[in-house]
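Some notes on the structure that comes next.
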Amino acid sequence: MIGSRALGLGVVALMLAALASFAPVSAMVPTCAAAGAHHAALVVDHGDGSAVTRCVAFDTRQISGEQLLTLSGIAWSGQTFGGFGEAVCALDGEPARYVDCPGKESYWAVFVSNGGGAWQLAGVGISSLVLGDGDAEGFRYVPASGVAAVPSSPAGLCPASTPASASASAPTSRVSGSTSPAIGPSATGSSATGGETAGPSGSLAASASAWSAAAATGAAAVTRSASSGPIPAAPGGPDTGLLAASVAGGALVGLAFLRLAARRRSRK
Amino acid sequence: MTAPLARIDGVTYWYPGAVTPSLRDVTLEMEPGVTLLAGSSGGGKSTLLRLLDGLVPQFHGGRISGRAEVAGMDPFRTAIPRLATHVGLVFQDVETQSVYGSVEREVAFGLENLGVARSLMHDRVDEALNELGIEGLRRRRLATLSGGERQLVQLAAVLVLRPELVALDEPTSQLDPGGAAAVVAACLKLAGSGKAVVVAEHRLETLLPRADRLLIVEKGEATGPAASRTLAARLTSPPPVVELGAALGWDPIPLSVGEARGRMTLRSALAGTALASPPARADAEPTLVALALGAGPGREAILEGIDLAVAAGEVIALVGPNGSGKTTLLRTLAGLLAPLSGTVRRPPGRTAYLPQNPGALLHWPTVRAEVDLTLRRTGSSGSSDGPDGPDGPDGADAILSSFGLLGLADRYPRDLSAGERQRAALAATLAGSPALALLDEPTRGMDLAARRGLGAALRSLSRRGSAVVIATHDVDLAAEVADRVILVRDGRTVELGPPQRACAAGSAFATQIGSLFPDGPVTVAGALAQVVR
Amino acid sequence: MSAAGDLDGPGLAPRAWLVWSIAAVSVAVLTNNPVYRGLVALVALNVLLAWLPPGRNRKPLAIALAVAAIMAALINVLASHTGADVLLRFPEGLPLVGGPITLESLAFGGAIGLGLVAALLAVAPLSLVLEPHDVVDAMPASMERTGIAVATSMNLVSGIGRTFVSVRDAQQMRGWRPRGLRSWNEVLVPVVLTVIEDSVLLAEAMEARGFGAGRRTSYSRHAWTRWDVTVAGSAVAAAALFAVMRLAGVAMDWYPYPTLALPPIHPLLVAGSIALVLPALRRR
């Protein structure tokens, strides 16, 4: 056997590594001083080009995209999809009637802007988005195929907000599922890519390179956050999960090849 | 006089929906020892055996009248699992009897069914395997065993329940001579240890002289059981020696070659000349030619360097053990397998091919419809609704009558008995005038009359110029029909010559008549032509 | 115990195999994430390669897997038209496939195909490694009759291939040609009839050996060793981990719309997927 004992040890080691990276971040959470102390911008670009903008004030330090939209007073209806969260089917009366959500010809693309930075596609439902002071949430009604154009800029919609984080990196917009406590490594470092263009460009090549950027952002975006608070940067490096999966996958593929070769040899 | 193990009293039985009964007023008793059950195909042998363990009427349904008692129980009403501990039944086809894939589990299946405690099962399995001498096969996978070994495993699977009566329904019909001999030896051994063994068979050569009694079932009526010698003359499918003795009116009738020796002399032996060999066809142009042929079922060749030449109108018999490649050779000659090396040249015109389980391919509503299908598809004009109609020499009626099927022509072929179905498949395959006919074990499960009918049909084909190649274990068929016999063994072919030589005394493929008359005839007809009383 | 035809025994207790298979299939089904599915597929492939008896041609299995995966991907690609990266466009008029064909739907279809492959590979040992009687042993006592039905049908199924070849050969020589769908009746009907008859013969033989009497006992008993417990336990734990984390709302699913993004990869779930590899580690 090809060092089955060694392989078993490797598996155990991997599992330990995974568990070790499970470092609950228990930071102290500074509470908001006063009601209405935090603001986030909301931009809605209709299909015909008309726009609706709001600045929404909220009490808590963080707010979900869904709560933000509701607070804004703009009429909307949505639908829940499993792990994705809430998707927006109709917003501010467009479309007047719908059958499919998201629509097959046009749909509402959701964007997030961190602290006033460039728009990025959210990639999750609005109930899974977490926004803080100075962030913005954007909606644009776009055709179903092709690259989604970004909404108009959120600049100047809300009073200028102070950079929230005490750490060196800008706060990323974190994505959480529902209520239970966080598990998993915190997303960091990837926030540096917050300045990248939103969404891939039309060509595949660009989309592949943007994919690696989106990978970092996406991976960051979908892991659970610790409880609220500035998240210390991980000791530089991509997501542990991705690393674990790649190593494991590579090892398994290699093993499979070895076994196949052994069988072919023994058959001769 | 020991008490009979089974008693049947005036039983008449109809299968569901049948008009004529399969058993008519059968009255008999079964006793320990070997009882040989003989009779034409479809005559009721299988039904009688199934009566013994309750499958008829409980499994098959239908109507039954009369009484029966087996091991003190009523087989009409007693639950079959209870009867199974007193009567064991081994069936014809090894493949469709096996439940599991391994020998050990297959034998233990019956014990599992009856809820025998696990601690006892191991020893019972040992006991059954030892009784047949196959302990060495215990941990084998069934698919890796030969046909004969598999039938022995099925026999062990039945013995494990310790029945007093063991019934076997044509257990050797799919086996080669080696496998058949092993099964027959096992039956005799079992009888020697006090069990009652009932064996239904078409090929009676080995068992007839060794059986304790003979039971004949024809058209549902039973004659016997009685001593073999008294009933042998009434057999419809007698072994050649018995047929010869009956034709010559000998009394007592010989049951084996040994008993027949010295009873007669031949005209040719008196005259001191050897039998003239049939005219050689060596000068005829061969129509089927194989040169340096290499073939195999997959990518590996099991046959190498085969050279074969068959002339138009010639009949070749291929003999050899199972697994030697006869089927592969036939399929390659037919064009169904591409040769791995070498070439095959077939005669122009149609090639007819009969596979090993020919009944499987029938599905049209009547036998005639199947024959017509072949005639239409192959462009012959003799189908029942064709331009020439069915009456010409190529017609449907001709082929149906040559296989004795005119009376069954409008029956659904899958309702017929195994032997009748075999004949129907032969008719459907050989209809029209194929230039080349390749047949794989055509006489499996056939009685004597059907075999003679096949022989006549093949000779008629050859007279009309077809080349015929038959793979067979049936040495009597080879002796009666073939012009040449070829042995397939170890991946090669060996010319054994005409039947006069191939089936003569001392050969591995000797017929009974051949053993009886060294340097003489090998068929009953040949012997009758030259006998001096 | 070394001849080619001999049986080695199932290695692991049959019921442990069954538990492992069910757990692996559950993981492949509990999430549509191609990373976890891919890991499960690789794990199951390794297990299969470790245990497959040598010399048996497994190309039909590989072909079946490839066909299943490709068909699943194709169906999704052609029917779903959402996604930002358009590869090509079919005319809108076409009934199902009209519209843009996007990279995202191709990727999502690939994830579906991957799930199928993973599930098939996870179930393969039950048929390729275990003997029919092992499958019967694996069933819980209440499902024993089902187990026997499954075991005997496995025997019959292997006969179907032989019957099919034989019937097709014979019909071909009688002038039949495969011309369109209807013509296959000439081959398929006889095969089906023969299979039905064979199963009746088998039922008869089984009944003649006492089947149906009622209470059955089992010939072999597979006592679970520590390794069986480890394998089964870790497999159940892995499946439970996925279930618990899904219920807890941990993001594990993958929605590559409107643009392709890397699926969420959680190290614990990666570890869970890999835990299924245990059967491949020790081959007695």
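Residue numbers (the numbering used here), protein chains in the order written: chain A, 88 to 355; chain B, 871 to 1403; chain C, 5 to 288. Where a beta carbon is used, it is the ideal one built from N, C-alpha and C, also for glycine.
Inset, instruction - Could you tell me whether the Cβ of A/G165 comes closer than 8 Å to any Cβ of chain C? - result: Position 78 of the first sequence holds residue 165 of chain A. No, A/G165 does not count as interfacial toward chain C.
Inset, instruction - Can you give me the Cβ contacts of B/L1357 inside the same chain, cut-off strictly under 6 Å, excluding the 5 residues immediately before and after it? - result: Locating residue 1357 of chain B in the second sequence gives position 487, counting from the first residue. When the five nearest sequence neighbours on each side are left out, the beta carbons in the same chain lying within less than 6 Å of the beta carbon of B/L1357 are those of V1189, G1190, V1364, L1366, in order along the chain.
Legend entry - Exposure label - B/V1351; buried when at least 16 CB within 10 Å: If you number the second sequence from 1, residue 1351 of chain B lands on position 481. Sixteen is the threshold: when 16 or more other Cβ atoms of the shown chains lie within 10 Å of the Cβ of B/V1351, as they do, the residue is buried.
Inset, instruction - Kindly list, in the order they appear in chain C, the residues whose Cβ is closer than 7 Å to that of B/F929. - result: As a first step, residue 929 of chain B is located in the second sequence; it is residue number 59 there, counting from the start. Within chain C, E208, E211 have C-beta atoms less than 7 Å from the C-beta of B/F929, given in sequence order.
Legend entry - the stretch 235-249 of chain C touching the stretch 155-167 of chain C, judged by at least three CB pairs closer than 8 Å: Not touching, per the Cβ criterion.
Inset, instruction - Verify whether the separation of the beta carbon atoms of B/L1161 and B/G1115 is less than 8 Å. - result: Walking along the second sequence from the start, residue 1161 of chain B turns up at place 291. Walking along the second sequence from the start, residue 1115 of chain B turns up at place 245. Their beta carbons are not under 8 Å apart, which means B/L1161 does not touch B/G1115 by this criterion.
Inset, instruction - Return the Cβ separation of B/R1020 and B/L1012 in integer angstroms, given the expectation that the two are a contact with Cβ distance under 8 Å. - result: On the second sequence, residue 1020 of chain B is found 150 positions in, with the first residue counted as 1. On the second sequence, residue 1012 of chain B is found 142 positions in, with the first residue counted as 1. The C-beta separation of B/R1020 from B/L1012 comes to about 6 Å, placing the pair in contact by the 8 Å criterion.
Legend entry - Helix, strand or coil at A/Q207 [DSSP, three-state]: The residue given as residue 207 of chain A occupies position 120 in the first sequence. Of the three classes helix, strand and coil, the one that applies to A/Q207 here is strand, per DSSP.
Inset, instruction - Output the distance between the C-alpha atoms of C/W188 and B/E976, rounded to the nearest integer angstrom. - result: Sequence index remark: in the third sequence, residue 188 of chain C carries index 184 (1-based). Sequence index remark: in the second sequence, residue 976 of chain B carries index 106 (1-based). When only Cα atoms are considered, C/W188 and B/E976 end up about 36 Å apart.
Inset, instruction - Please determine if the stretch 906-914 of chain B and the stretch 967-986 of chain B are in contact, where contact requires at least 3 C-beta pairs separated by less than 8 Å. - result: Taking 8 Å as the limit for Cβ pairs, the verdict is that the stretch 967-986 of chain B does not touch the stretch 906-914 of chain B.
Inset, instruction - Would you check if the distance between the CB atom of C/A48 and the CB atom of C/L125 is smaller than 8 Å? - result: Locating residue 48 of chain C in the third sequence gives position 44, where the first residue counts as 1. Locating residue 125 of chain C in the third sequence gives position 121, where the first residue counts as 1. In terms of Cβ geometry, C/A48 and C/L125 form a close pair [threshold 8 Å].
Legend entry - Residue burial classification, B/G1396 (beta-carbon count within 10 angstroms, cutoff 16): To locate residue 1396 of chain B, count along the second sequence from 1; it is residue 526. Counting Cβ neighbours within 10 Å, B/G1396 comes out buried, since at least 16 surround it.
Legend entry - Status (buried if at least 16 other CB within 10 Å, exposed otherwise) for C/K63: Numbered from its first residue, the third sequence carries residue 63 of chain C at position 59. Counting Cβ neighbours within 10 Å, C/K63 comes out exposed, since fewer than 16 surround it.
Legend entry - Residue from C/S146, C/R186, C/V39 whose Cα sits closest to the Cα of C/A265: Start at 1 with the first residue of the third sequence, and residue 265 of chain C comes out as number 261. Checking every option, the nearest Cα to that of C/A265 belongs to C/V39.
Legend entry - Three-way DSSP call (helix, strand, coil) for B/G1183 in this model: Against the second sequence, residue 1183 of chain B aligns to sequence position 313. Of the three classes helix, strand and coil, the one that applies to B/G1183 here is coil, per DSSP.
Legend entry - Listed by chain order, chain C residues near A/V199 by CB distance under 9 Å: For the purposes of this step, residue 199 of chain A is identified with residue 112 of the first sequence, where counting begins at 1. Contacts between A/V199 and chain C, judged by CB atoms closer than 9 Å, are missing: the closest CB pair is about 13 Å apart.
Inset, instruction - To the nearest angstrom, report how far apart A/S159 and A/A183 are at their CA atoms. - result: Counted from its first residue, the first sequence places residue 159 of chain A at position 72. Counted from its first residue, the first sequence places residue 183 of chain A at position 96. C-alpha separation (whole angstroms): 20 Å.
Inset, instruction - Please report how far the alpha carbon of C/V133 lies from the alpha carbon of C/S224, in whole angstroms. - result: Taking the first residue of the third sequence as position 1, residue 133 of chain C is located at position 129. Taking the first residue of the third sequence as position 1, residue 224 of chain C is located at position 220. Using only the alpha carbons, I get a separation of about 17 Å.
Legend entry - Proximal residues of chain C, C-beta to C-beta of B/Y1223 below 8 Å: Residue numbering aside, residue 1223 of chain B sits at position 353 when the second sequence is read from its first letter. Going along chain C in sequence order, the residues near B/Y1223 (Cβ under 8 Å) are D173, A174, M177.
Inset, instruction - Name, please, each residue of chain B whose Cβ falls closer than 9 Å to the Cβ of C/P153. - result: Numbered from 1 along the third sequence, position 149 holds the residue referred to as residue 153 of chain C. The displayed chain sequence assigns Ala, not Pro, to residue 153 of chain C. Those within 9 Å of C/A153 in chain B number zero; the least Cβ separation is about 11 Å.
Inset, instruction - Please compile the residues from chain C whose C-beta is within a distance smaller than 8 Å of the C-beta of B/T1244. - result: Mapped onto the second sequence, residue 1244 of chain B falls at position 374. Ordered by position in chain C, the residues that pass the 8 Å Cβ test against B/T1244 are R178, G179.
Legend entry - Cβ-based neighbour list, B/P1388, same chain, cut-off 6 Å, excluding 5 preceding and 5 following: Working through the second sequence from its first residue, we reach residue 1388 of chain B at position 518. When the five nearest sequence neighbours on each side are left out, the beta carbons in the same chain lying within less than 6 Å of the beta carbon of B/P1388 are those of A1375, in order along the chain.
Inset, instruction - Buried or exposed for C/M147, please, with buried defined as at least 16 other CB atoms from any protein chain shown within 10 angstroms of its CB. - result: Stepping through the third sequence from its first residue, residue 147 of chain C is reached at position 143. With fewer than 16 other Cβ atoms within 10 Å, it is exposed.
Inset, instruction - For A/G210, go through chain C and note every residue whose CB falls closer than 7 Å to its CB, in chain order. - result: Translated into positions along the first sequence, residue 210 of chain A becomes position 123. The CB of A/G210 comes closer than 7 Å to the CB of A265 in chain C, given here in chain order.
Legend entry - Proximity to B/Q1292 [Cα-Cα], best of B/P1304, B/A1239, B/A1305, B/L1324: Taking the second sequence and counting its residues from 1, one reaches residue 1292 of chain B at position 422. It is B/L1324 whose Cα lies nearest to the Cα of B/Q1292.
Legend entry - Min CB distance C/Y223 to chain B below 8 Å: Translated into the one-based positions of the third sequence, residue 223 of chain C becomes position 219. It does: the Cβ of C/Y223 has a partner Cβ on chain B nearer than 8 Å.
Inset, instruction - Consider the Cβ of A/A348: report whether some Cβ of chain C lies at a distance smaller than 8 Å. - result: Counting from one through the first sequence, the residue named residue 348 of chain A turns up at place 261. By the rule that beta-carbons nearer than 8 Å mark a contact, A/A348 does not touch chain C.
Inset, instruction - Within its chain, find whatever has a CB closer than 7 Å to the CB of C/S203; leave out the 5 residues flanking it on each side and keep chain order. - result: Residue 203 of chain C sits at position 199 when you count from the first residue of the third sequence. Taken in chain order, the residues that qualify are L160.
Legend entry - Reference B/T966; option with closest CA among B/V1392, B/Q1044, B/E982, B/L981: Position 96 of the second sequence holds residue 966 of chain B. Checked all of B/V1392, B/Q1044, B/E982, B/L981; the closest Cα to B/T966 is B/Q1044.
Legend entry - Start-end ranges of the beta strand (DSSP E) lying completely within the stretch 1023-1071 of chain B, minimum 3 residues: Qualifying beta strand (DSSP E) stretches, in chain order: 1035-1039, 1066-1070.
Legend entry - Beta-bridge pairing of B/E1091 - partner residues as DSSP gives them: Counting from one through the second sequence, the residue named residue 1091 of chain B turns up at place 221. In the DSSP output, where bridge partners are listed per residue, B/E1091 has B/E1088.
Inset, instruction - Give a yes or no on whether 8 Å exceeds the smallest Cβ distance from B/N1000 to chain C. - result: For this step, residue 1000 of chain B is matched to residue 130 along the second sequence. The Cβ of B/N1000 sits no closer than 8 Å to any Cβ of chain C.
Inset, instruction - Answer yes or no: does any C-beta atom of chain C fall closer than 8 Å to that of A/S232? - result: In the first sequence, counting from the first residue as 1, residue 232 of chain A sits at position 145. So, interface residue.
Inset, instruction - In angstroms with no decimal places, state the Cα-to-Cα distance between B/S1016 and B/A1056. - result: In the second sequence, residue 1016 of chain B corresponds to position 146, counting from 1. In the second sequence, residue 1056 of chain B corresponds to position 186, counting from 1. Rounded to whole angstroms, B/S1016 to B/A1056 spans 16 Å at the Cα level.
Legend entry - Where A/I150 falls: helix, strand or coil (DSSP): Stepping through the first sequence from its first residue, residue 150 of chain A is reached at position 63. The answer is strand: DSSP assigns A/I150 an E or B state.
Inset, instruction - Output yes if chain B places a C-beta closer than 8 Å to the C-beta of C/F94; else output no. - result: Counted from its first residue, the third sequence places residue 94 of chain C at position 90. Not closer than 8 Å to any Cβ of chain B, the Cβ of C/F94 fails to qualify, so no.
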